[in-house]
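Everything on this sheet refers to the single structure shown next.
Residue numbers (full-length UniProt numbering): 1 to 98.
This is the structure:
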């Protein structure tokens, strides 16, 4: 039982904060380089704002448009193959004679 208290002691200090006060924002520079607000290059745009320049699109929009394009290609190939292979047999019309 003593070992569980020894294991929990660092966790309690970490979760509750222990005797350390929270660091001021100016002192939290170690994680600042990992934030997503550092942009390099031209700003990314929505794909409907500049549809002819995929290099300027946001990454998630590029992924969605690419997946939609591959889906459309796959569906059209499927429909093209099924159009030529799944034809029902021709029915012969029987004319009524009087």
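We treat Cβ as the ideally placed atom computed from N, Cα and C, and that holds for glycine.
**Study point:** Nearest-angstrom Cα separation, counted from residue 71 out to residue 47
**Key:** If you number the chain shown from 1, residue 47 lands on position 47. If you number the chain shown from 1, residue 71 lands on position 71. Approximately 18 Å, taken between the alpha carbons.
**Study point:** Sequence-distant residues of the same chain with beta carbon closer than 7 Å to residue 60, five excluded per side
**Key:** The sequence position of residue 60 within the chain shown is 60, counting from 1. Excluding sequence positions up to five before and after residue 60, its CB lies less than 7 Å from no other CB in the same chain.
Point to revise | DSSP state of residue 70 mapped onto helix, strand, coil | key: Residue mapping note: residue 70 aligns to position 70 of the chain shown, counting from 1. Three-state result, residue 70: helix.
Exercise for review: Please list, in chain order, all residues of the same chain as residue 43 whose beta carbon is under 6 Å from its beta carbon, the five residues on each side excluded.
Suggested key: By 1-based counting over the chain shown, the position of residue 43 is 43. Cβ neighbours of residue 43 beyond the five flanking positions: none.
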